[in-house]
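Going down the list, the protein sequences come from chains A and B.
Quick note on numbering: the first sequence equals residues 790 to 1350 in the working numbering.
Quick note on numbering: the second sequence equals residues 8 to 239 in the working numbering.
Think of the CB as a built atom: it goes at the ideal place given N, C-alpha and C, for glycine as much as any other residue.
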Amino acid sequence: MSLEQPEPPTGGDEVGVTADGLDYDELAALVGDNVIDREQHVNAEGFVIRPDAVQDTLSTLRNEAGFDHCSAVTAQEYDDRFESIYHLKKFDDPTQQLSVVVPTTKDDPVSESAEPVFRTADWHEREAYDLVGIDYEGHPDLRRILLPETWQGHPLSKDYNQNQPQVVPLREHANPLEEDHSAGEDSDTMFVNIGPHHPATHGVLHVKTVLDGEQIADIEPDIGYLHRCEEQMCQQSTYRHQIMPYPDRWDYTPGGILNEWAYARAAESMADITVPEYAQVLRTMSAELTRICAHLLALGTFGLDVYGDFTAIFMYAVRDREVIQNLLEDLTGQRLMFNYFRLGGVSWDLPEPREEYLEDVRDFIDELPERLEEYHDLITGNEIFQIRCIDTGVLPPEVAKNYGATGPVARGSGIDYDLRRDDPYGYYDELDWDVVTQDGCDNYARVLVRMREVEESAKIISQCVDLLEEWPEDDRDIQANVPRTLRPDEDKEVYEAVEGAKGELGIYMRSDGTDKPARFKIRSPCFSNLQTLPEMSEGEYIPDMVASLGSLDIVLGEVDR
Amino acid sequence: MSSDQPLTDASTEGQTTQEARMGDGVDDRFNSPLRKAFGTSPFILTKFDKFMNWVRGSSMFMLQFGIACCSIEMMHTYAVKHDLDRFHAGVPRASPRQADVIIVPGTIVSKFAPRMKRVYDQMAEPKFVIGMGSCTISGGPFQEGYNVVKGAEEVIPVDIHVPGCPPRPEALVYGVAKLQEQIANGESAPVTVKPYELEEFGDLERDELVDHLAQEIDEETLVMRYNWTDSP
């Protein structure tokens, strides 16, 4: 475990904190009459509150009990009601969790918006409206977010007919040369579409910008061009084997194994499965290999965005990624979509001959410092790069927290939040490594965090290789004994998160007693991180916006799911 | 031949360096294997179409077009190690107006399909399409999704399908090579082209949905209609 232990929760001024966790009775007393019922979820307790008391409850919990992180908003439909769940956590200690459950009636699914309390709820509630159909009163801009505006019906609600024809208009994009008078008759602003087909948007993101000269007056990311119904796919697949391939396709940079871990962790916690130690080491090693791979892609494409050419940095990054992809292919059998985890372990042991494979991994780790030196020469040491990146795209920590930013984006703003250390899983707490933070809050800090995280991941991998080399041969259990068909108890609910390549990747699942989840919700780190783009770029120059977008390191597969 | 001349020769005296280098006769550098293959007469006779097809196949400008997971493998195909440039197809162009091959690397969803159609329409003729990955064949692992277009051929005609989820870079290189072979043989017409589901708004049946939308959508607007029940 890291040498820098997280500071012990400040028990004095936060209500409900005791030495061994949270005192939910005290928290319930704090919220008072707003709580109409209490539920028991696997990860935390859930307070059922009145739909007109959302803002009151959440702001009390944030200001007085210290729940400053709204991870996600899950919406779902039961036979008799709609429900929105606000998953709350603390940035200081994410093991302290609380779910706030807001039921609404079927005839009139209106619930108060949480947007004034947590800015991050803006997009999360729009998504809930889009897919499930809950109406959030007081939301500033309740429109569809993932599906086209003309879509009919809410696809994750119970009465949705998937076979009905849909009509999507191919509107002319607003004329980029047309003068835009949205700021008044006298303004001379200009409207520019960036994307959805654009080399700098890392996929199919559409950014609507209004320019005043070369500065950005208004900016709105428009997402949903890669909404592949991942939640629906998972809801119609069985826990045991069918869901696991889908996580690979959320963050495909490839963060595949990290994503698989998010699902594995949630499902294992729901079905109470213990993973053998040996499998945990294998998981940790392979997950950190994918993290290096994902961070190298972020670095390569960031070079592409800032320098604008397809040359050295990108090629160097791909060169090193090829090495990792070969290692992962030897281990898992695939270059990109690994499907390596199984519930209760992993699918295969190391390839034979073991020594040779571990030697290959070690060679890569040994060469890495030299490679990183090259990157530092090319990128961070470059004066032009520094001029482009230092003090551009500034994201102050308070704003980042309010938007629910996690991962390298939060750590680049000095927020010391890493679930591998703060909410330990796998083998991380047995190993010696550090959480990287930078205080710059700018594009440069975010790039530096990623580069230094590569070093930390290399440290973790080399310790795992040592462990694997010395692991006794008769104790190599790669899978726990898991029933062929998993049927968790009815109405079991769980929200568990892991530290993905881009940040907190969480899974909410509810079981209805069958072998398929009744609701499967993905809390994607990129979705929340991308929301901070307007904060970082309004008033800045448009090339700095492109750099900020690159430093956020979004993957549209994970933003849109 | 210049290389046959001894380095110091009486005849070279009084020459400039340039003249000495040029020697007499054709420079060796022009005597390429190709030139030798033509024999004594440096002419070939061919049909213009055949020549143009050969040229098209041998110099392809790809559109830099990333959609989903497959685009990561596509980037690896362009980059070191696999280096698509070796196969005369390695210059990704950011603008569709400069490209003649579009690789469709990923899942197409209803919101993106009209935009992809527009990008395709902006490319200059003749243009070719490579569908990369299972999603562009049938929707792949997401085929049952409420929002997923069941294959790129619902929107644009596809010349080559490269199966896989995602295909390895080698597979994409093979697909590109096959496309080049097709083009060089003059067989580039797509095998199956489904009728585009793209119609003038006025052509749609006036059902309840259309009536509702008619108030918002201009009569001239092109719309894309997805009829999931008739999709494969």
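Inset, instruction - Can you give me the Cβ contacts of residue 168(B) inside the same chain, cut-off strictly under 6 Å, excluding the 5 residues immediately before and after it? - result: 138, 144
Inset, instruction - Using the Cα positions of residue 177(B) and residue 1045(A), report the straight-line distance between them to the nearest angstrom. - result: 21 Å
Legend entry - Residue-chain proximity (residue 192(B), chain A), Cβ-Cβ < 8 Å: no
Inset, instruction - Could you tell me whether the Cβ of residue 75(B) comes closer than 8 Å to any Cβ of chain A? - result: yes
Legend entry - Contact set between residue 114(B) and chain C, taken where Cβ atoms lie within less than 8 Å: The chain inventory of the structure shown lacks chain C, comprising the protein chains A and B.
Inset, instruction - Name, please, each residue of chain A whose Cβ falls closer than 7 Å to the Cβ of residue 180(B). - result: Under the 7 Å cutoff, chain A gives no residues; its nearest Cβ is about 14 Å from residue 180(B).
Legend entry - Interfacial residues, the segment 1050 to 1066 of chain A to chain B, with Cβ spacing under 9 Å: none
Inset, instruction - Pick helix, strand or coil for residue 169(B), following the three-state DSSP scheme. - result: strand
Legend entry - Start and end residues, alpha helix (DSSP H) containing residue 78(B): 76 to 85
Inset, instruction - Say whether the segment 120 to 139 of chain B touches the segment 91 to 108 of chain B, bearing in mind that this needs 3 or more beta-carbon pairs closer than 8 Å, one atom from each stretch. - result: yes
Inset, instruction - Would you verify that the beta carbon of residue 1103(A) is, or is not, closer than 8 Å to some beta carbon of chain B? - result: yes
Legend entry - Alpha carbon of residue 65(B) to alpha carbon of residue 184(B), nearest angstrom: 10 Å
Legend entry - Proximity test, Cβ basis, 8 Å: residue 1125(A) and chain B: yes
Legend entry - residue 1155(A) in three-state terms, based on DSSP: helix
Legend entry - Separation of residue 927(A) from residue 910(A), as counted between CA atoms: 12 Å
Legend entry - Assigned exposure category for residue 1158(A) - 16 Cβ within 10 Å defines buried: exposed
Inset, instruction - Grab the span of the alpha helix (DSSP H) containing residue 1175(A) for me, first residue to last. - result: 1172 to 1178
Legend entry - Limits of the unbroken alpha helix (DSSP H) element including residue 1045(A): 1045 to 1060
Inset, instruction - Measure how close the beta-carbons of residue 819(A) and residue 805(A) come, nearest whole angstrom, since I'm counting them as under 8 Å. - result: 7 Å
Inset, instruction - Would you kindly check if the distance between the Cβ of residue 72(B) and the Cβ of residue 986(A) is under 8 Å? - result: yes
Legend entry - Opening and closing residue of the alpha helix (DSSP H) in which residue 1105(A) lies: 1101 to 1121
Inset, instruction - Enumerate in chain order the residues of its own chain whose CB-to-CB distance from residue 1051(A) is below 6 Å, with the five nearest sequence positions on each side excluded. - result: 1287, 1294, 1296
Inset, instruction - Tell whether a beta-carbon distance below 8 Å holds between residue 141(B) and residue 170(B). - result: yes
Inset, instruction - May I ask you to list the residues that DSSP assigns as paired with residue 1004(A)? - result: 1001(A), 1330(A)
Inset, instruction - Return the Cβ separation of residue 1300(A) and residue 1278(A) in integer angstroms, given the expectation that the two are a contact with Cβ distance under 8 Å. - result: 7 Å
Legend entry - Among 938(A), 916(A), 882(A), 897(A), nearest to residue 118(B) - alpha-carbon criterion: 938(A)
Inset, instruction - Report the option in 856(A), 1262(A), 864(A), 1291(A) whose CA atom is closest to the CA atom of residue 754(A). - result: Summary: the structure shown does not reach residue 754(A), with chain A confined to residues 790 through 1350, and so no result is reported for it.
Inset, instruction - For residue 1231(A), count neighbouring Cβ atoms within 10 angstroms of its own Cβ and tell me buried if that reaches 16, exposed if not. - result: buried
Legend entry - Pairwise C-alpha distance: residue 56(B) and residue 1346(A): 43 Å
Inset, instruction - Would you identify the three-state DSSP class for residue 1018(A), choosing helix, strand or coil? - result: coil
Legend entry - the segment 1066 to 1079 of chain A touching the segment 1252 to 1267 of chain A, judged by at least three CB pairs closer than 8 Å: yes
Legend entry - Within 8 Å, strictly: CB atoms of residue 1319(A) and residue 1348(A): yes
Inset, instruction - Could you tell me whether the Cβ of residue 844(A) comes closer than 8 Å to any Cβ of chain B? - result: no
Legend entry - Alpha-carbon to alpha-carbon, residue 807(A) and residue 816(A): 11 Å
Legend entry - Bridge partner(s) assigned by DSSP for residue 1337(A): None, per the DSSP bridge assignment.
Legend entry - Helix, strand or coil at residue 1150(A) [DSSP, three-state]: helix
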